[in-house]
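First up is the structure itself, then whatever we jot down about it.
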Amino acid sequence: MKERFFDRPGVKPLISYLVVILVFGVIWFIMGTINLKGSERAWNNGKCPKCGEELKFDSAVGHAFSTGFVYHCENCDYVIELSGPKNKQD
Ligand SMILES: [Zn+2]
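Numbering-wise, the sequence shown is residues 229 to 318 according to the working numbering.
Okay, here's the thing in structure tokens:
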């Protein structure tokens, strides 16, 4: 009788492991996409949402799985942290 692939020892734990990694990968991707969209809205093309002044780059802060880019408004001290460096679009 031919041995089936899934009946081999070690295959099932391996598949479970891969499924877990895949699920986490998908969750991470979805979270990243949501974060990026929120980030685009918060960026507001480089304008402060409070007073309309230009936002200035402040610093980059490291997180466990990402880097945050902090921008602030010199006029009213509004601060936002974005998931990536931004460039103004004309
Ligand atoms: Zn401002």
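In this text, a Cβ means the ideal position worked out from N, Cα and C, and glycines have one as well.
Contact between glycine 312 and phenylalanine 297 holds, since their C-beta atoms are separated by about 6 Å, short of 8 Å. Look at glutamate 309: its beta carbon is at least 7 Å from all of the heavy atoms in ligand 1. Here cysteine 279 is exposed. Its C-beta has fewer than 16 other C-beta atoms within 10 Å. When C-beta atoms of the region 262–276 are compared with those of the region 293–307, three or more pairs fall below 8 Å, so the two segments count as touching. Note on geometry: alpha-carbon atoms of aspartate 286 and serine 267 lie some 16 Å from one another.
For ligand 1, a non-hydrogen atom lies closer than 7 Å to the CB of lysine 278.
With a threshold of 7 Å, the Cβ atom of asparagine 263 does not count as near ligand 1, since no heavy atom of the ligand is closer than that.
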